[in-house]
Amino acid sequence: MPRGGAWPTVAAFLLERTHGAEEVRRRLAAGEVVLGDGSVVGAETPYRGGETVYLYRDLPDEAPVPGEIDVLYADSDIVVVDKPHFLATMPRGRHVVQTVVVRMRRQLGLPQLSPAHRLDRLTAGVLLLTVRPEVRGAYQLLFERREVAKTYLALAPIRGDLRLPTVVRSRIVKPRTSIQAVEVPGEANAVTHVDLESAFTAPDGRVLGRYRLTPLTGRTHQLRVHLARLGIPIVNDPLYPVLQEHRPGDFSRPLRLLASTLEFTDPLSGRSRRFTSRRSLL
C-alpha cells in the first residue's frame with residue numbers, strides 16, 4: 369500500500385483503489401483479505417503505508433492437498449496443528465485456499481487465526497498459530513529471539529565415513545532470482561546440529577538413516593542445504609543438491625522432513641510448553 373496515504377482503514381483503501389466494491393466487502397467479511405504477516409484485515413483495520421495486503425479476488429485453481437490438519441492443542445490464545453506435506457502455511461502466490469491459514473480459519477471458525485512462524489510448504493509437522501491479534505506479537509517474538517527449541521526428523525542416505533553427531537555452520541543466502549538457497553563465503557548465519565538416530569532398509573532396498581536435526585538458526589531451507597552439504601540429501605528433496613523436475617499436483621513423493629517438536633516458555637502464562645508431531649516419516 370502506498371506510503372503517505374490518507375485512507376483511515378485498509379478497507380477504505382481497497383474500496384477506492386480496486387474494482388468491485390461488493391466483492392471486496394464479501395472478501396473482507398469472509399476473512400480472505402490478509403496483510404503480509406498473515407493477519408486478517410477487518411473493516412476497521414487501520415491503514416499503514418508500506419504494508420503489503422493480499423486480496424484474492426479470483427482464486428486460482430488449486431489441486432486439493434491430501435491429508436488432514438490435525439489439531440494438537442487449542443485454547444483461547446493459540447492453536448497448534450500438525451501440518452501435512454505440500455500444504456503452504458499462509459496464502460502466497462498460487463497457493464491460497466490450500467494453505468493452513470485458510471483451511472483452519474474455515475474449519476475452526478476463527479477468522480483471525482494467523483501463524484506465529486512458518487514451515488516450508490514441503491515440510492510437515494508442528495506449526496503454532498495465534499487466535500487473536502493482541503497475542504500474536506508475544507508469540508512471534510519468541511521465534512524472533514530464538515527462544516523456541518525446535519527438533520526436526522529427516523530420512524536421508526547413510527554415509528559410512530561421516531562422523532556424527534556434528535555441527536554444520538555456514539552462511540546461507542536466498543537470491544531473489546532463484547528458488548534455491550546457496551552457501552556463500554562469510555560469517556556463518558546458519559547453524560545445525562545433526563545426529564543419526566537409527567539406520568534401516570527401506571522397501572526399495574536402500575539403506576537410510578533417521579536423522580535428528582536441531583537448528584540453532586532459521587535460514588531459508590537451512591536443514592535441506594546442510595544435509596546436502598554433508599552428502600546426505602533428504603529423501604525426495606526436489607531442490608537439493610540439484611534442481612529436479614516438478615509436476616504440479618504430484619503428491620506422490622513427499623519430502624522426508626518433519627518438524628517433530630516445539631518447546632518454549634509460554635509468554636502469557638509462563639508455563640513450559642512442548643508439542644510433538646504425530647506424523648510418521650515413512
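Counted the way the numbering used here counts, the sequence shown spans residues 369 to 650. The beta-carbon is built from N, C-alpha and C at its ideal position, and this holds for glycine as well. Quick caveat: nothing in here was measured; it's all calculated off a predicted structure.
Inset, instruction - Use the C-beta contact count for G388: other C-beta atoms within 10 angstroms, 16 or more gives buried, fewer gives exposed. - result: The sequence position of residue 388 within the sequence shown is 20, counting from 1. Exposed, since its Cβ has fewer than 16 Cβ neighbours within 10 Å.
Legend entry - Range of the contiguous beta strand (DSSP E) that encloses R537: Locating residue 537 in the sequence shown gives position 169, counting from the first residue. T534 to V541 is the extent of the beta strand (DSSP E) around R537.
Inset, instruction - Would you list the residues sitting across from H561 in a DSSP beta bridge? - result: Locating residue 561 in the sequence shown gives position 193, counting from the first residue. V535 and T582, per the DSSP bridge assignment.
Legend entry - Span of the alpha helix (DSSP H) around V468: To locate residue 468, count along the sequence shown from 1; it is residue 100. V468 to L476 is the span of the alpha helix (DSSP H), which, as asked, contains V468.
Legend entry - L497 burial status per 10 Å Cβ neighbour count (16 or more: buried): In the sequence shown, residue 497 corresponds to position 129, counting from 1. With 16 or more Cβ atoms within 10 Å of its Cβ, L497 is classed as buried.
Inset, instruction - From the DSSP output, read off the bridge partner residues of S645. - result: The sequence position of residue 645 within the sequence shown is 277, counting from 1. Partner(s): none; S645 has no beta bridge.
Legend entry - L611 classed as buried or exposed, judged by whether at least 16 other C-beta atoms fall within 10 angstroms: One-based indexing of the sequence shown puts residue 611 at position 243. Exposed is the call here.
Legend entry - Cβ distance (whole Å) where L607 is taken to contact I547 below 8 angstroms: As a position in the sequence shown, residue 607 is number 239, starting the count at 1. As a position in the sequence shown, residue 547 is number 179, starting the count at 1. Between I547 and L607 the Cβ distance is about 7 angstroms, and since that is below 8 angstroms, they are a contact.
Inset, instruction - Look up G505 in the DSSP assignment and say whether it is helix, strand or coil. - result: Reading the sequence shown from its first residue, position 137 is the one you call residue 505. Looking at G505 - three-state DSSP - the assignment turns out to be helix.
Legend entry - Start and end residues, alpha helix (DSSP H) containing E391: Here residue 391 refers to the residue found at position 23 when the sequence shown is read from its first residue. Start and end: A389 to A397.
Legend entry - E384: first and last residue of the uninterrupted alpha helix (DSSP H) it sits in: Within the sequence shown, numbered from 1, the residue matching residue 384 stands at position 16. Element bounds for E384: V378 to R385.
Legend entry - From T420, A431, E430 and L510, residue whose alpha carbon lies closest to that of T633: For this step, residue 633 is matched to residue 265 along the sequence shown. That would be L510, whose Cα lies nearest to the Cα of T633.
Inset, instruction - Going by DSSP, name the residue or residues bridged to E631. - result: One-based indexing of the sequence shown puts residue 631 at position 263. In the DSSP output, where bridge partners are listed per residue, E631 has A517 and R642.
Legend entry - Euclidean distance between Cα positions of V421 and L403: For the purposes of this step, residue 421 is identified with residue 53 of the sequence shown, where counting begins at 1. For the purposes of this step, residue 403 is identified with residue 35 of the sequence shown, where counting begins at 1. Each residue's alpha carbon lies about 4 angstroms from the other.
Legend entry - Local conformation of A431 per DSSP, three classes: Taking the first residue of the sequence shown as position 1, residue 431 is located at position 63. DSSP places A431 in coil when its eight states are reduced to three.
Legend entry - Identity of the residue in N557, V603, P583 and T560 nearest R574 by Cα: Here residue 574 refers to the residue found at position 206 of the sequence shown. Closest option to R574, judged by alpha-carbon separation, among N557, V603, P583 and T560: V603.
Legend entry - For E419, three-class secondary structure by DSSP: For the purposes of this step, residue 419 is identified with residue 51 of the sequence shown, where counting begins at 1. When secondary structure is reduced to three states using DSSP, E419 falls in the coil class, being assigned neither helix nor strand.
Legend entry - Own chain partners of F643 with C-beta closer than 7 angstroms, once the 5 adjacent residues on each side are dropped: As a position in the sequence shown, residue 643 is number 275, starting the count at 1. L440, Y441, V448, V494, T629 and L630, listed in sequence order.
Inset, instruction - Assuming A522 and L455 form a contact by the criterion Cβ under 8 angstroms, report the distance between their Cβ atoms to the nearest whole angstrom. - result: Here residue 522 corresponds to residue number 154 of the sequence shown, with the count starting at 1. Here residue 455 corresponds to residue number 87 of the sequence shown, with the count starting at 1. With a Cβ gap of about 18 angstroms, A522 and L455 do not count as contacting.
Legend entry - Spatial distance of P501 from Q480 (CA atoms): Numbered from 1 along the sequence shown, position 133 holds the residue referred to as residue 501. Numbered from 1 along the sequence shown, position 112 holds the residue referred to as residue 480. Each residue's Cα considered, the two are about 7 angstroms apart.
Inset, instruction - Name the one or two DSSP bridge partners that V402 has. - result: On the sequence shown, position 34 is the one that residue 402 refers to. Per DSSP, V408 and Y422.
Legend entry - Stretch pair the stretch 526-537 + the stretch 560-574: three plus CB contacts closer than 8 angstroms: Touching, yes, given that three or more Cβ pairs across the two stretches are closer than 8 angstroms.
Inset, instruction - Closer than 8 angstroms by C-beta to P318: which residues in its own chain qualify, once you throw out the five before and the five after it? Chain order, please. - result: Given a span of 369 to 650 for the chain in the structure shown, any question on residue 318 remains unanswerable.
Legend entry - Secondary structure of R460, DSSP reduced to three states: In the sequence shown, the residue the question calls residue 460 occupies position 92. It is a strand residue.
Legend entry - Burial state of K542, where buried means 16 or more other Cβ atoms lie within 10 Å: Mapped onto the sequence shown, residue 542 falls at position 174. Exposed is the call here.
Inset, instruction - Check whether the Cβ atoms of Y579 and A524 sit closer than 9 angstroms, and answer yes or no. - result: Taking the first residue of the sequence shown as 1, we reach residue 579 at position 211. Taking the first residue of the sequence shown as 1, we reach residue 524 at position 156. Closer than 9 angstroms, so yes.
Legend entry - Distance between H589 and E551 (C-alpha atoms, nearest Å): Counting from one through the sequence shown, the residue named residue 551 turns up at place 183. Counting from one through the sequence shown, the residue named residue 589 turns up at place 221. Computed Cα separation, rounded: 11 angstroms.
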